[in-house]
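Have a look at the structure below, then the notes.
Numbering (our numbering), first residue to last: 551 to 781.
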C-alpha cells in the first residue's frame with residue numbers, strides 16, 4: 551500500500567522517524583527494526599479521527615540511547631524539548647510529538663509493509679495497535695482508547711479475536727472504567743476530533759462491552775479470575 555500524502559500534520563513529523571532510525575543504524579551498528587503504530591496509523595486506516603503524533607516501536611530499550619537529545623546531537627537538532635524514561639523517549643515539537651517506545655510486537659502478524667514518502671515502512675495492523683494499548687495500559691482507560699477500540703471492533707472483529715490473550719489481560723478493569731462513564735472521560739470523548747466515525751460514547755461502550763466478553767467466552771477462561779461485567 552502506498553500512502554497518499556494529503557498535507558496532514560503527521561506528514562511534517564514523519565521524516566524525523568527516518569532520521570532517528572538512521573542514527574540507530576549509524577551508531578548502533580545494526581539495521582534497526584522498527585514499526586509505525588498508534589492512533590495516527592488507525593487514522594490512516596479508517597479516517598475515524600484526527601491524529602498527528604508519530605509512535606515508533608522498537609524491540610530493545612538500547613535503541614533509545616541513540617534517539618534521545620541527551621546523548622544524540624542529531625536528536626537534539628530536532629528538538630531539545632523531550633521526556634525520557636526507561637522504556638521510551640518522547641520528542642516534543644511545535645507540530646506534535648514523536649514517541650519512540652521500547653515495546654516488542656505482540657501478535658503473530660503485527661505489521662504490513664506500506665510505502666510512505668517513497669520508502670518501505672513496517673506499519674502495525676489495527677489488531678497490533680489495540681493489543682498494545684490494552685495489554686500495556688488497559689487498566690487506565692482513556693476516551694481515545696475507547697474510541698479507537700470501538701472502531702476496530704466494528705471494522706476488523708476477526709483480527710481482534712486472534713489478539714484475544716492481549717486484549718483480555720486488563721479487560722475487566724477497562725470495561726469497569728468505561729462503563730462507569732465518569733464525567734471527565736465523557737468530556738474528553740466529546741473533544742475527539744472526528745472524521746468518519748460518529749458513534750456516541752454510550753454506543754462505543756456498548757460495542758466494546760459486547761465484544762470483550764464474547765472473546766472471553768471463546769477463550770474459555772476469565773482473566774485474573776474476575777468476571778467481565780456487561781452494562
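Heads up, the beta-carbon is just placed ideally off N, CA and C, and yes, glycines get one too.
Within the same chain, Cβ atoms closer than 8 Å to the Cβ of residue 645 are found at 559, 562, 563 and 602, the five residues on either side in sequence being excluded.
Separation of residue 650 and residue 608 (C-alpha to C-alpha, rounded to the nearest whole angstrom) is 7 Å.
Boundaries of the alpha helix (DSSP H) harbouring residue 589: 588-596, taken from the DSSP string.
Shown here for residue 762: same chain residues with a beta carbon closer than 8 Å to its own, the five before and five after excluded, namely 717, 718, 721, 724, 725 and 778 in chain order.
Relative to residue 585, the option among 613, 745, 673 and 666 whose CA is nearest is 673.
Contact between the stretch 700-713 and the stretch 674-681 is established, with three or more Cβ pairs separated by less than 8 Å. Taking residue 588 as the centre and dropping the five residues before and after it, the same chain places the C-beta of 605 closer than 6 Å to its C-beta, in chain order. The DSSP-derived three-state label of residue 747 is coil. The C-alpha of residue 664 lies about 6 Å from the C-alpha of residue 670. The beta carbons of residue 610 and residue 652 sit about 6 Å from each other, so the pair counts as a contact at 8 Å. For the pair residue 710 and residue 622, the Cα-to-Cα distance works out to about 38 Å. Listed in chain order, the beta strand (DSSP E) runs fully inside the stretch 616-669 are 632-635, 638-642, 647-652 and 661-666, counting runs of at least 3 residues. Per DSSP, residue 606 is one residue of the beta strand (DSSP E) stretching across 604-608.
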